[in-house]
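Residue 25 is where the sequence shown starts when you use the numbering used here, and the numbers rise one by one after that. Here a beta-carbon is modelled for each residue, glycine too, at the ideal position from N, C-alpha and C.
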Amino acid sequence: MKLLRYGEAGSEKTGLLDAAGRVRDLSAHVPDLSGAAVAIAALDRLRGLDPEALPLVEAPGRIGACLSRVPNFFCVGLNYARHAAETGAEPPKEPILFSKASSALSGPYDPVVIPRESVKSDWEVELGVVIGRDTLYVSEAEALDHVAGYCVINDVSERAFQIERGGQWVKGKSAPTFGPTGPWLVTADEVADPQALGLSLALNGQTVQDSRTDDMIFSVAEIVSYMSRFMALQPGDIIATGTPSGVGMGMKPQRFLRPGDVMELTVEGLGTQRQDVVAAA
Numbered sequence: 025m026k027l028l029r030y031g032e033a034g035s036e037k038t039g040l041l042d043a044a045g046r047v048r049d050l051s052a053h054v055p056d057l058s059g060a061a062v063a064i065a066a067l068d069r070l071r072g073l074d075p076e077a078l079p080l081v082e083a084p085g086r087i088g089a090c091l092s093r094v095p096n097f098f099c100v101g102l103n104y105a106r107h108a109a110e111t112g113a114e115p116p117k118e119p120i121l122f123s124k125a126s127s128a129l130s131g132p133y134d135p136v137v138i139p140r141e142s143v144k145s146d147w148e149v150e151l152g153v154v155i156g157r158d159t160l161y162v163s164e165a166e167a168l169d170h171v172a173g174y175c176v177i178n179d180v181s182e183r184a185f186q187i188e189r190g191g192q193w194v195k196g197k198s199a200p201t202f203g204p205t206g207p208w209l210v211t212a213d214e215v216a217d218p219q220a221l222g223l224s225l226a227l228n229g230q231t232v233q234d235s236r237t238d239d240m241i242f243s244v245a246e247i248v249s250y251m252s253r254f255m256a257l258q259p260g261d262i263i264a265t266g267t268p269s270g271v272g273m274g275m276k277p278q279r280f281l282r283p284g285d286v287m288e289l290t291v292e293g294l295g296t297q298r299q300d301v302v303a304a305a
């Protein structure tokens, strides 16, 4: 299944994409997409619905983030071998974990707003993983059974805030609109192998990131299992699993986002995003 949220910000309805790529209104069955509504058991119940019996949405308009809110927005740093190399960093021996403020969550086609004082805002196409059941102390062999689905994430990052201002990475990752997510939550049964997906990002029509998830240092199963050793993951948690090479910070000379830029990004089978970059008011 491909699940989504459509409508104006703050008034979104829940939808399902049918086999013809049309939006069907799912809100009578699932008023919201978050938390328990995206638990694996809840998704299994939805599979019993006939998409053709759901009301057709002729003009869905704006597509919102595929999750209305998240209990936790986790990220993994330096998780692609070539990305670690372009930053001059040694490949990590264990996953580098950090958080992104849940208030950064944004629609896949909403503008990305460069925050005040920003001088080094950057792009990062990533595979997003949505947790589907309570997850604590799970093995790698069990880990993918705890995944509800996958989505596209742009882990927009302000490098000066992240690296040069001291403290933790979270403040360089968390500005409003720095977490475009969606357009769809694609349930795990539609992704045969999360380590066999292409992902790319184009800036102003020029491809700058183009890779595959098999370049990950730590696989999705390894990440979920590893995290569950230190914290209890819960349904609706989202994990951005790292970005491939081609970010602005790694270019020579470095290139960062400016108002008027356009980002277009995709993960194979999970849809495409497009964001115009604007300055903060």
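Sequence-distant residues of the same chain with beta carbon closer than 6 Å to residue i, five excluded per side
{"i": "Asp261", "result": "Pro95, Asn96, Ile155"}
{"i": "Ser198", "result": "Lys124, Ala125, Ala128"}
{"i": "Glu288", "result": "Ala226, Arg298"}
{"i": "Ala165", "result": "none"}
{"i": "Gln219", "result": "Thr237, Asp238, Ser243"}
{"i": "Pro142", "result": "First, the amino acid is wrong: residue 142 is Ser here, not Pro. Closer than 6 Å at the Cβ level, and outside the excluded window around Ser142, lie Glu182."}
{"i": "Trp208", "result": "Lys26, Leu28, Cys90, Gly295"}
{"i": "Val54", "result": "Thr38, Ala61"}
{"i": "Val180", "result": "Val136, Phe202"}
{"i": "Trp193", "result": "Phe122, Gln186"}
7 Å CB neighbourhood of residue i in its chain, flanking five on each side removed
{"i": "Leu78", "result": "Leu40, Arg48, Asp49, Leu50"}
{"i": "Arg253", "result": "Tyr161"}
{"i": "Ala167", "result": "Ala245, Val248, Ser249"}
Residue nearest to residue i in terms of C-alpha spacing, selected from the options
{"i": "Gly274", "options": "Asp68, Trp147, Ile177", "result": "Trp147"}
{"i": "Ser221", "options": "Glu150, Gly72, Cys99", "result": "Rather than Ser, the amino acid found at residue 221 in this sequence is Leu. Of Glu150, Gly72, Cys99, the residue nearest in Cα terms is Glu150."}
{"i": "Lys26", "options": "Pro55, Glu32, Leu67, Ala60", "result": "Leu67"}
{"i": "Pro119", "options": "Ser243, Leu209, Phe202, Pro75", "result": "Ser243"}
{"i": "Asp158", "options": "Glu246, Asp169, Pro55, Asp179", "result": "Asp169"}
{"i": "Asp285", "options": "Ala60, Asp56, Gly34, Pro135", "result": "Pro135"}
{"i": "Ser224", "options": "Asp300, Ile177, Thr201, Gly31", "result": "Ile177"}
{"i": "Thr211", "options": "Gly293, Gly131, Leu121", "result": "Gly293"}
{"i": "Ser92", "options": "Gly206, Ala256, Gly173", "result": "Gly206"}
{"i": "Leu257", "options": "Glu110, Pro204, Val153", "result": "Val153"}
{"i": "Gln230", "options": "Ile263, Ala264, Gly272, Leu57", "result": "Gly272"}
{"i": "Gln278", "options": "Thr290, Lys144, Gly88, Ala304", "result": "Lys144"}
Reduced DSSP category for residue i - H, G, I as helix; E, B as strand; rest coil
{"i": "Gly152", "result": "strand"}
{"i": "Glu36", "result": "coil"}
{"i": "Leu28", "result": "strand"}
{"i": "Val62", "result": "helix"}
{"i": "Gly191", "result": "coil"}
{"i": "Pro204", "result": "strand"}
{"i": "Ala316", "result": "Lying before the first or after the last residue shown, residue 316 is absent from the chain, which here runs from 25 to 305."}
{"i": "Ala172", "result": "strand"}
{"i": "Leu91", "result": "coil"}
{"i": "Leu73", "result": "coil"}
{"i": "Leu160", "result": "coil"}
{"i": "Leu80", "result": "strand"}
{"i": "Ala199", "result": "coil"}
{"i": "Leu57", "result": "coil"}
For residue i: DSSP bridge partner residues
{"i": "Ser181", "result": "Asp146"}
{"i": "Ala52", "result": "Answer is none; Ala52 lacks a bridge partner."}
{"i": "Val302", "result": "Val137"}
{"i": "Gly295", "result": "Val291"}
Sequence-distant residues of its chain with Cβ nearer than 8 Å to residue i (five each side left out)
{"i": "Glu32", "result": "Gly85, Arg86"}
If you scan the stretch 207 to 292 from start to end, which runs of the beta strand (DSSP E) of 3 or more residues do you find wholly inside it? 209 to 211, 222 to 227, 230 to 236, 262 to 264, 286 to 291
Pick out the complete beta strand (DSSP E) segments inside the stretch 98 to 150, 3 residues or longer, and give them in chain order. 120 to 123, 136 to 138
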